[in-house]
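The sequence shown runs 1 to 259 under UniProt numbering.
Shown next, in structure tokens, is the structure this report addresses.
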Amino acid sequence: MRRLRRLFPAATAAALLAGTSCIPTPGFAQGAATDVFSPAQRKAIVEIVRNALKTDPTILSDAITSLRQNAANQQQLSAQQALAAHRSALLNPAASDAILGNAQAKVTVVEFYDPRCPYCRKVLPDLDRIVAEDKDVRILEKVVPVLGQGSLITSQALVAAFEEGGQGAYFKLQHAIMTDSAAPTVERMRTLAKQCGLNADQLAKDMNSPKVTAILQANMELGHGIGLDGTPTFVMNARQIIPGAVDYDELKQAIAHTR
1 MRRLRRLFPA
11 ATAAALLAGT
21 SCIPTPGFAQ
31 GAATDVFSPA
41 QRKAIVEIVR
51 NALKTDPTIL
61 SDAITSLRQN
71 AANQQQLSAQ
81 QALAAHRSAL
91 LNPAASDAIL
101 GNAQAKVTVV
111 EFYDPRCPYC
121 RKVLPDLDRI
131 VAEDKDVRIL
141 EKVVPVLGQG
151 SLITSQALVA
161 AFEEGGQGAY
171 FKLQHAIMTD
181 SAAPTVERMR
191 TLAKQCGLNA
201 DQLAKDMNSP
211 KVTAILQANM
221 ELGHGIGLDG
231 TPTFVMNARQ
241 IIPGAVDYDE
251 LKQAIAHTR
């Protein structure tokens with residue numbers, strides 16, 4: 001068995017059993033495999049591999065582990081390349097970015113979030129706590145409408161609020177929207193805007209303005225550029241991507257790791 005495993009590496013054994021073909025080595029003729037073994041010999045080899053997998057299942061588990069590790073390594077490489085390509089946009093706030101915490105902080109965390117995402121809503125108090133405790137962390141907020149029409153309406157309202165009243169207006173409306181359970185209609189945005197002391201008529205008008213549309217489009221394009229596949233997604237100092245729901249402790253550890 002040990003000899004067989006040396007002759008047939010785990011990944012090769014899995015490929016043979018699945019009926020896939022191995023990549024030929026350089027200089028190896030395309031039809032060489034069919035010339036080396038007769039049909040009977042090939043059948044015998046497959047049978048040997050099949051029996052080996054039956055008697056020693058670790059061969060297959062090793063193959064799966066190897067494939068997963070290779071996929072993870074490739075994903076990590078792709079992520080690092082994406083971060084390098086968009087480093088400037090991830091470290092330098094855009095004029096339309098709301099900034100949570102000290103705007104001059106050295107540690108920059110970019111959060112891509114959807115106002116309708118329950119995980120984004122859940123992590124919001126943790127973000128407030130982090131910037132309250134650590135004055136050398138700033139969080140750039142990139143709103144991305146990825147969950148349908150309701151997300152688009154709330155995202156438009158948030159960007160419009162920023163355009164109307166800057167950071168203060170944005171964060172007031174953000175809190176109202178992300179703690180609200182009512183259906184996200186334009187009329188509901190008007191109501192929430194009034195409650196926040198904003199000009200509801202102007203906000204409703206600006207929601208569909210070319211400028212608001214361009215800001216949301218830019219956020220989406222940047223998210224796509226780094227491989228965004230869900231919300232929330234955090235980018236730590238343009239070095240590490242943390243996708244999905246994380247808690248306070250995980251965020252603190254990631255920030256410490258990227259200082």
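C-beta atoms are modelled at their ideal positions from N, C-alpha and C, and glycine is treated no differently.
Residue i, DSSP secondary structure in three states
| i | result |
| --- | --- |
| T108 | strand |
| G244 | coil |
| V235 | strand |
| R116 | coil |
| R42 | helix |
| residue 263 | This structure cannot speak to residue 263, because the chain is shown only from 1 to 259. |
| M207 | coil |
| H224 | helix |
| A161 | helix |
| T58 | helix |
| A198 | It is worth fixing the name first, because residue 198 is Leu in this sequence and not Ala. Residue state, collapsed to three classes: coil. |
| P93 | coil |
| P132 | Reading off the sequence, residue 132 comes out as Ala, not Pro. In the structure shown, A132 sits in a helix (DSSP, three-state: H, G or I). |
| H86 | coil |
| N51 | helix |
| residue 262 | Because the chain is modelled from 1 through 259, residue 262 falls outside the range shown and cannot be assessed. |
| A176 | helix |
| T34 | Confidence in T34 is poor, its pLDDT being 49 and thus under 50, which makes the residue's placement too unreliable to answer from. |
For residue i: DSSP bridge partner residues
| i | result |
| --- | --- |
| I139 | L100, V109 |
C-beta atoms of residue i and residue j nearer than 8 Å
| i | j | result |
| --- | --- | --- |
| P188 | S151 | In the sequence under discussion, the amino acid at residue 188 is Arg, which differs from the Pro named in the question. Not closer than 8 Å, so no. |
| F112 | K142 | yes |
| I130 | A157 | no |
| M236 | V109 | yes |
| A160 | D206 | yes |
| E164 | N199 | yes |
| L90 | A238 | yes |
Reference residue i; option with closest CA among the options
| i | options | result |
| --- | --- | --- |
| R138 | N92, V186, R190, H86 | N92 |
| K135 | K205, M178, T185, K106 | K106 |
| L140 | A63, A157, N219, Q195 | N219 |
| Y248 | V46, D206, R121, P125 | P125 |
| C120 | I99, A169, V246 | V246 |
| L192 | R50, V49, I153 | I153 |
| T185 | A204, L198, G197 | A204 |
| I255 | G166, H224, Q167, E133 | E133 |
| T224 | G166, S78, L173, H257 | First, the residue type needs correcting, since residue 224 is His and not Thr in the sequence shown. That would be S78, whose Cα lies nearest to the Cα of H224. |
| S88 | R259, L222, F37 | L222 |
| G197 | P210, L173, A214, K211 | L173 |
Sequence-distant residues of its chain with Cβ nearer than 7 Å to residue i (five each side left out)
| i | result |
| --- | --- |
| L147 | D114, R116, C117 |
| P243 | D229, G230, T233 |
| I226 | A82, L83, H86, V235, I241 |
| F162 | S96, A98, A169, Y170 |
| G101 | V131, V137, R138, I139 |
| R259 | V107 |
Same chain, Cβ closer than 8 Å to residue i, five either side skipped, listed in chain order
| i | result |
| --- | --- |
| S155 | D114, P115, V143, V144, P145, L216 |
| Q195 | A176 |
| D201 | R190 |
| K122 | A245 |
| A103 | P93, R138 |
| V212 | Q156, V159, A160, E163, D206 |
8 Å Cβ cutoff, residue i in contact with chain D
| i | result |
| --- | --- |
| K106 | Any reference to chain D falls outside this structure, which holds one protein chain only. |
Own chain partners of residue i with C-beta closer than 6 Å, once the 5 adjacent residues on each side are dropped
| i | result |
| --- | --- |
| A11 | With a pLDDT of only 43 at A11, under the threshold of 50, the placement of this residue in the model should not be trusted, and no figure is reported. |
| A182 | R188 |
| T179 | none |
Contact test: residue i Cβ vs the ligand GDP heavy atom, cutoff 7 Å
| i | result |
| --- | --- |
| V49 | Looking at this structure, you won't find the ligand GDP or any other ligand, since it has none at all. |
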